[in-house]
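Residue numbers (the UniProt record's numbering): 1 to 424.
As structure tokens, then:
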């Protein structure tokens with residue numbers, strides 16, 4: 001693979017490389033909605049002390065292939081120090097995703113990060129032998145349903161009902177429809193936690209690599225979520241579109257985090273072998289007073305506190321090998337799907353079609369190959385379930401997509417000064 005990066009002009013960056021007997025020309029712009037305006041990242045030592053790490057958000061991009069705006073989507077990270085490209089290129093015209101990532105991440109050599117620091121691995125999604133494939137009677141995911149939902153106070157219920165009435169007001173005489181389809185609160189704020197095993201393996205014991213990997217992963221998942229119309233049917237005029245994630249905080253450590261109040265969702269990334277499970281998450285309910293999934297409050301018990309708006313993903317399969325980036329994307333997207341209200345797809349034709357009809361969707365109970373057309377999309381069942389949850393809960397904890405970032409060196413609206421960023 002040979003690559004060529006042209007300098008950014010007016011916020012655009014052009015990247016060119018050749019692979020698989022074809023040329024790739026990427027037209028990229030900086031990702032503006034991926035990181036929250038008050039984003040923070042911390043390195044946490046064994047004693048629990050947190051050291052702030054500022055991140056160069058200008059290294060994260062989104063875009064398309066040149067001349068293929070409608071058929072392609074690109075999510076990318078470019079290391080300003082080395083020029084190293086990490087990317088996922090979705091080409092719907094050939095039903096394929098091309099992944100570019102550092103070679104050292106999949107080398108068994110103890111000094112791989114030094115030997116192969118500037119080497120890249122590029123592969124097609126369809127070429128990967130899925131290490132997450134299990135026997136047909138085993139799942140790769142556990143989900144948690146809380147059988148007895150807790151209740152919220154009367155004042156909270158009244159506040160939510162008032163908000164829902166505001167959202168149902170279609171027109172105020174100004175010609176603008178003020179319903180949920182155009183409300184700006186469309187981003188679920190994330191707290192991402194990486195334990196030491198994840199930091200050591202996927203991050204190569206580098207704080208910068210670990211944090212950048214997590215940000216880039218959410219960037220790729222945002223392509224899936226924001227492009228999905230969460231609806232009851234294909235012609236649903238009341239669908240939820242352009243709903244996704246924004247990262248508010250990242251912690252890289254191995255200590256538990258006790259305060260989840262400020263986030264829509266918290267997710268742990270580890271590299272521990274939990275065979276046969278690769279992930280677990282609480283499933284959200286559309287009932288406003290139900291605990292579990294997005295926007296949930298802590299569940300207080302006599303001897304402990306449970307945080308039901310959480311989930312985890314492990315990068316280690318049953319063979320003790322690291323998952324590829326494409327595999328980790330699938331697992332994390334699946335767990336986030338639970339947190340947003342999707343259960344495993346039922347065994348019916350509409351939501352669990354045969355191979356001839358595109359194969360299983362992303363929320364299928366058993367592991368998916370990743371080679372079938374439907375593997376990277378939500379089923380009609382999932383879209384209906386998630387719509388119901390978003391309709392009742394998104395207004396309570398989702399935020400507006402970020403348009404500015406504190407630390408980019410530019411004094412923007414709402415900022416008195418900006419000290420710039422520090423690369424960890």
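The beta-carbon is built from N, C-alpha and C at its ideal position, and this holds for glycine as well. Owing to the predicted nature of the structure, the values given are computational and were not obtained by experimental measurement.
{"query": "Under the assumption that residue 34 contacts residue 247 (Cβ atoms under 8 Å), give the Cβ distance between them as a whole number of angstroms.", "result": "7 Å"}
{"query": "As a quick exercise: from 365, 276, 59 and 386, pick the residue whose alpha carbon is nearest that of residue 341.", "result": "386"}
{"query": "In chain order, what residues of the same chain lie with their CB nearer than 6 Å to the CB of residue 20, ignoring the 5 residues before and after it?", "result": "none"}
{"query": "If residue 230 sits next to residue 267, beta carbons under 8 Å apart, how far is it from one beta carbon to the other, in whole angstroms?", "result": "Wrong, their Cβ atoms sit about 20 Å apart, outside the cutoff."}
{"query": "Locate the alpha helix (DSSP H) running through residue 329, then write down its first and last residues.", "result": "325-339"}
{"query": "Hey, could you find the ends of the alpha helix (DSSP H) residue 219 is sitting in?", "result": "207-226"}
{"query": "Along the chain, where does the beta strand (DSSP E) that runs through residue 397 open and close?", "result": "Unbroken run through residue 397 is the alpha helix (DSSP H), 380-397; no beta strand (DSSP E)."}
{"query": "Going by DSSP, which residues form a beta bridge with residue 90?", "result": "73 and 97"}
{"query": "Kindly list the residues whose CB is nearer than 6 Å to the CB of residue 198, restricted to its own chain and excluding five residues on each side of it in sequence; keep chain order.", "result": "269, 270 and 271"}
{"query": "Using the Cα positions of residue 18 and residue 24, report the straight-line distance between them to the nearest angstrom.", "result": "6 Å"}
{"query": "To which residues of the same chain is residue 126 closer than 7 Å at the C-beta, ignoring the five residues directly before and after it?", "result": "96 and 371"}
{"query": "What residue does the beta strand (DSSP E) around residue 59 start on, and which one ends it?", "result": "Looking at the DSSP string, residue 59 is not in any beta strand (DSSP E), and its letter there is neither H nor E."}
{"query": "According to DSSP, what are the bridge partners of residue 50?", "result": "44"}
{"query": "Leaving out five residues before and five after residue 103 in sequence, what residues of the same chain have Cβ atoms less than 7 Å from its Cβ?", "result": "116, 119, 120 and 121"}
{"query": "Identify every residue that forms a DSSP beta bridge with residue 194.", "result": "252 and 269"}
{"query": "Less than 8 Å between the C-beta atoms of residue 309 and residue 265, yes or no?", "result": "yes"}
{"query": "Quick one: give me the first and last residue of the beta strand (DSSP E) that residue 240 is part of.", "result": "Here residue 240 belongs to no beta strand (DSSP E), and DSSP marks it neither H nor E."}
{"query": "Hey, residue 222 and residue 77 are a contact pair by Cβ (cut 8 Å); roughly how many whole angstroms apart?", "result": "Contact doesn't hold; Cβ gap of about 13 Å is too wide."}
{"query": "Give the DSSP-derived three-state secondary structure of residue 376 in the structure shown.", "result": "helix"}
{"query": "Using the three-state DSSP reduction, which class does residue 371 fall into: helix, strand or coil?", "result": "coil"}
{"query": "Beta-carbon within less than 7 Å of residue 255's beta-carbon, same chain only, minus the 5 sequence neighbours each way: which residues are those?", "result": "In this predicted model, residue 255 has a pLDDT of only 49, less than 50, meaning its place in the structure is not dependable; the value taken from the coordinates is given anyway. Closer than 7 Å at the Cβ level, and outside the excluded window around residue 255, lie 44 and 48."}
{"query": "Using only CA atoms, which one of 366, 38, 67 and 359 lies nearest to residue 54?", "result": "38"}
{"query": "Does the beta carbon of residue 270 sit closer than 8 Å to a beta carbon anywhere in chain D?", "result": "Given the protein chain composition of this structure (a single chain), no chain D is represented."}
{"query": "Are the CB atoms of residue 100 and residue 87 within a distance shorter than 8 Å?", "result": "yes"}
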